[in-house]
Every structure is written in structure tokens, then in C-alpha cells.
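Worksheet for the structure shown next.
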Amino acid sequence: MTKEQHKKADNTKNSENGSILDFSPLPDSIIDALESREKHRCFKKEGKQSTPDCNKSSIPGAVTQRSCVYGGARVVLMPITDAVHLVHGPIGCAACTWDIRGSLSSSSKLYKTGFSTNLQEKDIVFGGETKLMDVLLEINRIYHPPAIFVYATCVVGIIGDDLKKVCELAQKKTSTRIIPVQSEGFRSFNKSLGHQLAGDALLDYVIGSSHETTLNHPFTLNIVGEFNVAGDLWGIKPLLEKMGIHVLSTLTGDSRVEEIARSHQAHLNIVQCQKSSNYIARQMEKKYDIPYLKVNFFGIDDTASSLRDIARFFNDHGMLKKTEQLIKEEINKVEDAIKPYHDALKGKKVAVYVGGNKAWSLIRAFEELEMEVIMTGTQNGLPEDYQKIRDTVKEGTLIVDDSPVMELYHLLKKYKPDLVISGAKEKYMALKMGIPFCEFNHDRITSFSGFRGYINFAKNLDQAVSSPVWNYTEKKLKNGRINQFNEVKNAKI
Amino acid sequence: MPKSEKNFQEGCGGFFIKDVENSLSQKGMFLSSTDKKFAVINPARMCQPLGAVQALLGVKGAMPLIHGSQGCSTYMRFQLCRHFREPINISSTSMSESTVVYGGEKNLIKALDTITRQYEPELIGVTSSCLTETIGDDMDLIIRNFLKDNNDFPVIPISTPSYAGSHVEGYNHALRALVEKLVNPTSVHYSEEKSTFESSYIDNKLNNLRRDPKYVNKNYNVKINLITGLISPSDVFTIKDLLQEMELESIILTDTSQSLHSPLNGEINFLPSQGTTIAQIKDTINSRGTICLSRHADSAGVFLEKNFGVKLINIPLPVGLSATDQFVETLSAVGNKEIPENIKLERGQLLDAMVDAHAYNYKRRVAIYGEPDMVIGLTRFLSELGMHPVVVCTGTQSNIFRDEIGVMALEYGHDIHIISGGDLYDLQQKIVEEDVELLLGNSYSARIASEKNIPLIRVGFPVFDRIGAQRINITGYRAGLNFLDKVTNTIMERYYDPGIQEKI
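As given, the protein sequences belong to chains A and B, one line each in that order.
Counting from 1, position 409 in the first sequence corresponds to residue 409 in our numbering; the numbering is continuous, with no gaps.
Counting from 1, position 385 in the second sequence corresponds to residue 1385 in our numbering; the numbering is continuous, with no gaps.
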């Protein structure tokens, strides 16, 4: 259909034929596209199912924000700081993704190095196994890492390299852990599979592989699904330590291989990113009998109740007391600090579109600043994720799944939020639309977790929405009609 | 295969020329530059589809579509968005396990259908990926099946196997595919007047050509094709500006000057709203000739020369004094135009600044890293300033690169480590060995700079840890002048006290 035809066809559709969103002044083709995905959007309504259709393959060509299985695996594993992360594939898979996650480290920086086997045409023809072995031995010689994770990419799956076999052989030769991650990019449209494969790699090759007993502490736990983006972990760990808990390991932010290898000795797992890491916690419960608690360290209330849950789990009188005292002290500090931001942010409408966890874990944090979340959504949500979102958001919130660029644009245009929370790919569209934006993905540069992080969070939101630049985005140049210089000349000075 | 392209593709591993004359006389003998042979550690190049997408982003109304799994387009979008700070859309055929088994035809056709309906592009550029190249999808055939009776709609297949070459080759292939698929032999005009580009001219006998009365006082149609290579939107703009000052009409392949540096004016464009139009690309066969500023991206020019007699001239990217001189003189000769006073003024100002700054820059040991054409240009410019490029590195394997740098090493009497097809691990080793005082490179070299405490000037792609990557401007006299100030001031800041006494 040509553009002219679209214009003619304008205004012929309306929302009364069952559509939940009215996009009527748009061209037919766009309305068709939006309507074809109608099941992937819904409003939360009391007494109704209120979860969108999800975990379906994206429409080819629609400019999805989703990534690949390799991407899913690497986000979970790459924060392990002293390991080598070797991408077995052509150069691009490593070149586009090395050092892109803002996970911080307090010790080794090896994880920020980009390793690739750089498969060439002849490797594609004759197989990449020999090259992989050569590269593994070479890297081991240069760095002597405690572990090398080897990620399979699309083409490796096609040419059929036996990753497991090569890794096993290399492990014998090098006596370091060489861990295959079967993360061929095309294996699923949903990168959640990558999260799970990364979990399997840890469960099969790392967790439980060290039997060295750690200190005999009565209260130990692992923080699972915390990747220390912008230093988030460092907002959580001190709180737990003040409660008298020893953090045995983190999976995987600011972690070292040896710590994870001993993590099976913990008394408890707490799960922060429930999108990527519930699987690991569940498996550790099965395998090592470690119970797990779902926690959330974004927002004051959620941080406080997470700490209380943990204290209650250990059920130690001293700890319970210490925890209450700690919460009281911290909340006092936070409430004073966020006051000026609170005033600036009150009543602002927020749209959230992220990879997963943050679509529900941030909702309360916004509500505490009296901001209104009008829309939330994820690229890779599973039914259980949308259940969580549904249970968290208030009545009337729009919930979306795998929204392509075009749809996201029309949703933002229609609902006009005062702030968008998303990642780098959506950032510049929002900004060009004149909508304030706050980064909440890989390249976030400020820690938002725990009580102190909440102050940063409020401060960042204020930075995003309160700048005077937004006063100018609607302003246009006007053509002058009167010659002002003449006016001045004629004026009686 | 054209000679230049062949040279380019043969490639070579990391090597260096210490004793320049000796090495040049023993071409083909390459010394491994570091203690590693197999692994790539901190890659210094991207894969082919990314380069192809960058070429497509300069075509008005073009939607790039990567035939592969979703990660390819998502990660490339991520890289491009954070560099250009623009909303950039790249579509994907979203290949998955089942479609890989049965071939990608269904997904590709569905994707083309979705894009045409939802985004109404004027053109779709379909790049392949390692995945779809390996499973052997015949994109040409699939696209023909899709188009059926709608043959006019331009859907351009671009073969970009990620397991060969780098983004520079991808860019080259995309330009060639665009020209090859769009030009139509029946639309050739003005065939007689093409003779302006005589072979004598190709031999660079500029003066002979200009004095020849045959070429004087004729009212030529001076429209030319200009291949810029992978440069920043601001550099494209500078080159366009120079052409305009010379009153030359041109077709830029491809023009990212506005599409990747777009204003905030209330409009949201899902596709480039500005750039080279399809009509312009079709018209390239009628141009007087093609000036190519990238020896690594001239295949579209070679194609036009070979098939339509549109003469091709390869000249260096106009970075620094002599390369910009060559560019301006070439334009003057091609268009038979006097060089405008304003350009002469700017040249004089650049030269004046070079003289003013020479003492601070002389013999400063610099390392330069990035896309091959940019590095060649900057190596010449910094050599003109009296600096000593001790390490030059590009991630793309290229004989052209090695030769060009080798010639400069001879000309200026410099020992230069040349790393072609290397990575940042190689670069870092040489930087440490050579006691480098200034580093020019993209954001990935920032860690080396901070670890080794070397001042860094950010150029190239990607630059994500500073603002204004799309405005990094090194071409022409005026931008060259600003860049020279930046270089010299960086040196002064680091190596001189506030009272500009040299630090002891």
C-alpha cells in the first residue's frame, strides 16, 4: 500500500472492535501491525488474568529488542572476574560484546578482556576444534586463569564442533577448569535459555568443585543473580555483614571462580535477579539442599523486607534485633537525603521496558517516590515473570511483551510518560521524542541497590527529568514579520 | 578481481617493520609481532555485517536487515547507538533452531514482508551472517521469489560472511552491491563527456592536464561520485562542504552526514531521513568519474569503471596538509575550477598553525590505532607535524595498509611498527616496548592509555565513553587545524607545566 493510500485509510479504524488500545489516527498498516500483537499487551484488571501472551518467537523483520542465546549466557557468566571468557566463533560475536557490561570488580580485571577464537573460512570448512585447542593452550600459557568459559556461537553449532570433547581434552592438558557453554545463538528466540545454560555450566563444572572447607560460620549465604552492575553488590553486602552474615559467594558479580566453587557450602541462597537466576537456586536446592529466598534490594521497603526475611530465616535473636536497628538507622538517613528529589519526582509517570527482572523489582521503588508506573514490559518475559509483574503493578497499568521499536514508539507517544526506563538501544529514541530517560541496563554507571543506592536512584531520576533542556525540546524557531531594527530606530530613545 | 581488492584480501598477519628498507625489499616475509599466534585478545575489528549496515545507514529510506539470529542485529544496534547517540534500527530475520534446520527462506520472506508493511522503506539492504552463509541460504533467489512481480522495489542482497575479513570489507561489499544492483545500463547519459577523466589524469599528471588547452574553458558537467570510506558523519559533511565550495556537484557514497547526526526537531525517523537517494545511486553511471578516498572501499568505483567507463581515481583521505592539498587539487582538475580564496585562506591558516606548534610536537612518539584508511591519514598528518608514529595498528588485514605506511616510513625516515590484522594485545605490547607519548584510538584503547598513563585522543569507531563521536572531525584544512590544536594541547597539557616550561 502506498503512503497516499494509507492517508486515505486513516481514521477508518477505531477501538470498538475489541481492541484494548485505540491507535485510530494511524495508517492501516501500522494499526494492523499493532493489532496483530494485541495479545502481547494488556492492562492489569482486578479479577482478570491480566498477563500478556509471551515467550513466542518475534516477528521476523519487526526490529525486536531481543538478543540471542549466547547473549543470555554471557550476561550471567561474564561478571566472574578472574575467569577467561572465550568466544568460540567468528570475530564479531566477541567484538560486539566484550567489556559491555558495567559489572565492577574489586580484584581481577581479566573478565573485561575480550577473547575470541576468530574462526576463519577454512575453520568453517574443516572445523574449528584444532584452532580452539590451540587458542585454549595459548591463553592458559599467557594468563593461567582458574577457569576458561568457552561460549559456542551460531556457526559452531552448524559446523558441529564438539565443544565438550575439546574442553575435556584441554582441561587434561592444562589442569585448569575449561568449561563449555553450549550457547549457540539461534537455539532459542528467548535468551532465557542462555541464562539457564550458563546456570548449567556453573552447576556442572564450578559449584561444588572445591571441597576446601570455609570458615565455620553459623550464618552464610550466596547472593545469586546479582551482577554488581555499577557496584550494586557493594550496596548490599555491607548490610548483610552488619547483620552478622558471611557472604560466601556471589553468582556472579565481583566473584572469583574459587568462591563459586565453594558456594555449595552455604546455608542459604538469596536470589536478586529472579529472571536469570531462579534456575540456579532451584537446582542448588535440589542438589545441595540449600534453601533459597527471593529478595529485592531496589527500593526502601523491598530492601527492608528482604533483610527481615533473611534474618527470619536464620531465626537468631541477636540478628533479628540487629536487623531492625540497621533498617531504622538506614531509613532515617535515606529519607532525609531523598527529600529534595522526592518533591521533584512526585506525580511523574514512568514507563519501564527492560530485559526482565527490573520490570517488577523497580515498581515499588517508584511508588515510594510517589511516581506512577503506567507501563511496564520485558523483552524476554516468561509466564511466571508476567505473573510477578501482574502481582506487583497497580490496577490499570499497561503490561507489554517483546515490543518492537515501532510499537514502543506508538505506546510512548500515546501514553506520554514523563520518564522512560530502558537500555541503550531505546535511549536515543526516547530522547529524540523529548522524553526524559534513565538507563537501567548494562551500561548504568551508578549503583541503585540497597538503602544508599536508593538515594542515587532518586538523584539519577531527578537528573533525568528536571533538567531545563526539556523546556526547549518543543520550542521552534519563528519567522520574524517585523523588522525589529527599524523599530528600534524609530523608537524615541 | 581488481588488483587493489586482491591485495587487500590476501592480507597478512601481525608484523612489523623495524628496518624499513630491509623489510620493504623483502615483501611477503612477515614477522610475528607478539608472543601469541592463535587467539584474538581484545579485538580491534568488527565483523562484516556491521560495516555493511554503516554503509546502508547513509542511504535515504534504507532499512538494514541482517539475515541471522537476533543477537547480530541487537548487538550491532547497541554498538552503533552508543557511538552515534542516535536511534538506529536494524532489522533481523530472527533465525532460530527450527528455521536453521529447514533453511532461512521462510524467515527472510516474512521479514521482508514485515518491513515493507510496517516501515515503508525505500530500500532494504539484506546482509548475510556467518550462520546463514554456512547453512547456504541463497539470498538472491529468495529475494527474487519475494519480489515476484514487484521487481522495481530495491531489495539488495549483500554477502557479508562474518568469518572472513572485517567490517571494512563489509562496508566495501555493501557499496558495491548497492551500485551493482541499482544502476541500470539503459539510463546512461552524456557518455561522450566522460573523457574528462583521461588516463593521463589517472597517472596523476595534474599539471599536464590542467595546462592542456583541450580542457580549459569548457563548460563541463562536473558531477562526480565520491566514495568516502568509513569516516564520521562530520567528516562526510566536511568533504561535502569542500565540494560545495569548489562548486562541484557530487554523489556521496554513502552520505551519513545527517542520518547519523540528526537534529532534535520533533520528528522521529525509523529509517535515515537524509542521505544518498536511490535516484542518485542510479545516476552514478552518468558521473564524470569516481573519486575514492578509501583504498579499502573502492570496489563500487572499480565496478563503475569496468562496466560503464566511469573513471576511478584513488586518492588518500584528505587528512592533514598534503593529502588535503591532493584532494583539493584533484577537485580543481576534475572540475576545471579555480581553487577559491577561502580554501587558500584555510590552508594558510593550517600551515601557520603547524609552524606555530612544531616545536612541541617534534619527535613525539605516537601510536595510532583504528580503521585502516583513517590510520593511514593520521599517520601522514602526524608525520607532517614532525611527530614520530612508532606504532600503527589496524585490526583489518591489509597489504595496502602495510605498503602505504611503509612508504611513509621511508619518506620521513621513521622506524614504524606496523600491526595489520592485529588486536589490542599486540598494540599494547608494542606501546610498552616503544615508550609511546601519545595514543590516538577508539574507546577500546582507553584502558591501555590509563594503565600505561599515556594521554589518549579518541578517534574512530567506537567512541562510547565520550560525547560527540559523530562530530570527531579530522578531514580538510579547517578540521585539520582544530585537530592539530587538540593534539598539541594534549601534548602541552601532559608534558609541560602550567607556565609552559617543559616538565623535567
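Ideal Cβ placement from N, Cα and C applies to all residues, glycine included.
message: Taking the beta carbon of Lys-475/A as the centre, do at least 16 other beta carbons fall within 10 Å, making it buried, or is it exposed?
response: exposed
task: Take Asn-1473/B as the anchor and find which of Leu-1378/B, Ala-1039/B, Ser-1322/B has the nearest alpha-carbon.
output: That would be Leu-1378/B, whose Cα lies nearest to the Cα of Asn-1473/B.
task: Leaving aside the five residues before and after His-1261/B along the sequence, list all residues of the same chain whose C-beta is less than 8 Å from its C-beta, in chain order.
output: Phe-1084, Glu-1086, Pro-1233, Ser-1234, Phe-1237, Gln-1470, Arg-1471
message: Quick check on Asn-118/A - is its C-beta less than 9 Å from some C-beta in chain B?
response: yes
- request: Can you grab the Cα-Cα spacing for the pair Ser-1096/B / Phe-186/A, in whole Å?
  value: Per the coordinates, the alpha-carbon of Ser-1096/B lies some 4 Å from the alpha-carbon of Phe-186/A.
message: Contact criterion: CB-CB distance below 9 Å. Does Val-150/A meet it with respect to chain B?
response: For Val-150/A, the answer is no, since every Cβ of chain B falls outside 9 Å of its Cβ.
query: Gly-318/A lies in the alpha helix (DSSP H); which residues open and close that run?
result: Where Gly-318/A is concerned, the enclosing alpha helix (DSSP H) stretches over 317 to 345.
message: Let me check one thing: in DSSP terms, what residues is Pro-1049/B bridge-paired to?
response: Partner(s): none; Pro-1049/B has no beta bridge.
- prompt: Along the segment 117 to 136 of chain A, what residues have a CB closer than 8 Å to any CB found in chain B?
  reply: Thr-117, Asn-118, Leu-119, Gln-120, Glu-121, Asp-123, Ile-124, Lys-131, Asp-134, Val-135
task: Please check if any C-beta of chain B sits within less than 9 Å of the C-beta of Ser-188/A.
output: yes
- request: Determine the closest residue to Asp-99/A out of Asn-1042/B, Lys-1110/B, Tyr-1412/B, Thr-1093/B, with distance taken between C-alpha atoms.
  value: Asn-1042/B
- prompt: Using a Cβ cut-off of 8 Å, which residues of the segment 1102 to 1129 of chain B contact any Cβ in chain A, in chain order?
  reply: Asn-1107, Leu-1108, Lys-1110, Ala-1111, Leu-1112, Asp-1113, Thr-1114, Ile-1115, Arg-1117, Gln-1118, Tyr-1119, Glu-1120, Ser-1129
message: Taking only three categories from DSSP, how would you classify Asn-1022/B?
response: With a pLDDT of 48 at Asn-1022/B, under the threshold of 50, the predicted position of this residue should be treated as unreliable, and no value is reported.
message: Can you give me the C-alpha to C-alpha distance between Glu-384/A and Asp-401/A, rounded to a whole angstrom?
response: 13 Å
message: Could you compute how far the alpha carbon of Phe-313/A sits from the alpha carbon of Gly-225/A?
response: 19 Å
- prompt: How many angstroms separate the CA atom of Leu-1264/B from the CA atom of Gln-1274/B?
  reply: If I take the Cα positions, the gap works out to 14 Å.
message: I want to see whether chain B comes within less than 9 Å of Lys-112/A, judged by CB atoms only; does it?
response: Yes, its Cβ sits closer than 9 Å to a Cβ of chain B.
- prompt: Whose Cβ in chain A lies nearer than 7 Å to the Cβ of Arg-1085/B?
  reply: Result: Tyr-428.
As assigned by DSSP and simplified to three states, the class of Lys-294/A: strand
- prompt: What is the DSSP secondary structure of Arg-262/A, counted as helix, strand or coil?
  reply: coil
- request: Could you pull out every unbroken alpha helix (DSSP H) segment of at least 4 residues lying fully inside the segment 1224 to 1272 of chain B, listed in chain order?
  value: 1233 to 1245
field: Asp-462/A: first and last residue of the uninterrupted alpha helix (DSSP H) it sits in
entry: Secondary structure note for Asp-462/A: its alpha helix (DSSP H) is the uninterrupted segment 450 to 466.
- request: Within its chain, find whatever has a CB closer than 6 Å to the CB of Ile-1088/B; leave out the 5 residues flanking it on each side and keep chain order.
  value: Arg-1077, Leu-1080, Cys-1081
- request: Can you give me, in chain order, the residues of the segment 35 to 65 of chain A that have a beta carbon less than 8 Å from any beta carbon in chain B?
  value: Ser-57, Ser-58, Ile-59, Pro-60, Gly-61, Ala-62, Val-63, Thr-64, Gln-65
query: Can a CB atom of chain B be found closer than 9 Å to the CB of Val-350/A?
result: By this cut-off, Val-350/A is not an interface position.
In DSSP terms, what Gly-1441/B is bridged to: Arg-1458/B
- prompt: Going along chain A in order, which residues have a C-beta closer than 7 Å to the C-beta of Gln-1428/B?
  reply: Result: empty, since nearest Cβ-Cβ is about 11 Å, beyond 7 Å.
Cutoff 8 Å; reference Glu-395/A; Cβ partners in own chain excluding five residues on either side: Lys-44, Lys-45, Glu-46
field: Cβ of Ser-1259/B within 9 Å of any chain A Cβ
entry: no
task: Output yes if chain B places a C-beta closer than 9 Å to the C-beta of Trp-98/A; else output no.
output: yes
message: By alpha-carbon positions, which one of Val-257/A, Ser-106/A, Gly-194/A, Thr-113/A ends up nearest to Leu-233/A?
response: Ser-106/A
query: Nearest to Thr-397/A by alpha carbon, out of Thr-51/A, Phe-23/A, Lys-39/A, Ile-31/A?
result: Thr-51/A
query: Just how far apart, CA to CA, sit Gly-1103/B and Asp-1137/B?
result: Gly-1103/B and Asp-1137/B have their C-alpha atoms spaced approximately 6 Å apart.
- prompt: Tell me which same chain residues have a C-beta within less than 6 Å of the C-beta of Lys-1205/B, skipping the five on either side of it?
  reply: Below a pLDDT of 50, predicted positions are generally treated as unreliable, and Lys-1205/B, at 34, falls in that range; the measurement from the model is reported next regardless. Excluding positions up to five away in sequence, the list is empty.
- prompt: According to the neighbour-count rule (16 or more other Cβ atoms, all chains shown, within 10 Å of its Cβ), is Asn-1151/B buried or exposed?
  reply: exposed
- prompt: Rounded to the nearest angstrom, how far is the Cβ of His-1358/B from that of Gly-1386/B, given a contact under 8 Å?
  reply: Contact between His-1358/B and Gly-1386/B holds, since their C-beta atoms are separated by about 5 Å, short of 8 Å.
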